[in-house]
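For the sequence shown, the numbering used here begins at 2 and goes up steadily by one.
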Amino acid sequence: MLRPLVCLFLLVPALGFACGATKTVVDVKPAGLPQYICFDGRTLTCARTGYIWQAKRGCFFSHVPCEDYQANFYGFYPRGKQIARAYYKCRKGYPWRLGEMQTH
Numbered sequence: 002m003l004r005p006l007v008c009l010f011l012l013v014p015a016l017g018f019a020c021g022a023t024k025t026v027v028d029v030k031p032a033g034l035p036q037y038i039c040f041d042g043r044t045l046t047c048a049r050t051g052y053i054w055q056a057k058r059g060c061f062f063s064h065v066p067c068e069d070y071q072a073n074f075y076g077f078y079p080r081g082k083q084i085a086r087a088y089y090k091c092r093k094g095y096p097w098r099l100g101e102m103q104t105h
């Protein structure tokens with residue numbers, strides 16, 4: 002008689018924890034639109050034609066802060082139109098030559 006009560010006493014909290022764990026996994030929201038513009042890997046090197054910026058990723062969008070990528074912060078924009086305009090501004094100010102931008 003005591004054994005079913007003990008099993009029930011142990012089973013109910015375990016089910017409660019399991020339901021709570023599945024609920025938090027289901028409630029995780031996907032990443033939204035990017036709100037950060039970051040750039041990284043810029044180093045200045047001297048070449049025959051002058052100084053050249055070398056970069057890993059250059060300017061890129063992110064929905065998490067730039068520090069998580071060990072990148073430099075360029076801007077935070079909560080709306081899509083603003084972030085697109087700022088991204089193109091970042092790219093325009095970034096010297097671009099084919100083969101010298103993506104060095105990784």
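Virtual Cβ for every residue (Gly too), placed ideally from N, Cα, C.
DSSP-derived helix/strand/coil call for residue 45:
Taking the sequence shown and counting its residues from 1, one reaches residue 45 at position 44. Of the three classes helix, strand and coil, the one that applies to residue 45 here is strand, per DSSP.
Residue 86: which of 4, 12 and 62 sits nearest, CA to CA?
Here the question's residue 86 lines up with position 85 in the sequence shown. Checked all of 4, 12 and 62; the closest Cα to residue 86 is 62.
Where does residue 10 fall in DSSP's three states?
Walking along the sequence shown from the start, residue 10 turns up at place 9. Helix.
For residue 59, list the residues DSSP reports as bridge partners.
Locating residue 59 in the sequence shown gives position 58, counting from the first residue. Beta bridge pairing from DSSP links residue 59 with 41.
Name, in chain order, the residues that DSSP records as bridge partners for residue 52.
Here residue 52 refers to the residue found at position 51 of the sequence shown. Beta-bridge pairing links residue 52 to 47.
Over what stretch of residues does the beta strand (DSSP E) that includes residue 33 continue unbroken?
In the sequence shown, the residue the question calls residue 33 occupies position 32. According to the DSSP assignment, residue 33 belongs to no beta strand (DSSP E), since it is labelled neither H nor E.
Residue 105 classed as buried or exposed, judged by whether at least 16 other C-beta atoms fall within 10 angstroms
Counting from 1 along the sequence shown, the entry for residue 105 is found at position 104. Unreliable positioning characterises residue 105 in this predicted model, as indicated by a pLDDT of 36, which lies under 50. The coordinate reading is nonetheless provided below. Classification for residue 105: exposed.
Buried or exposed, going by whether 16 or more other CB atoms sit within 10 Å of the CB of residue 40?
Start at 1 with the first residue of the sequence shown, and residue 40 comes out as number 39. Residue 40 comes out buried.
Nearest-angstrom Cα distance between residue 88 and residue 38?
In the sequence shown, residue 88 corresponds to position 87, counting from 1. In the sequence shown, residue 38 corresponds to position 37, counting from 1. Here the alpha carbons of residue 38 and residue 88 stand approximately 7 Å from one another.
To the nearest angstrom, how far is the alpha carbon of residue 36 from that of residue 76?
Reading the sequence shown from its first residue, position 35 is the one you call residue 36. Reading the sequence shown from its first residue, position 75 is the one you call residue 76. Going by C-alpha positions, residue 36 is about 8 Å away from residue 76.
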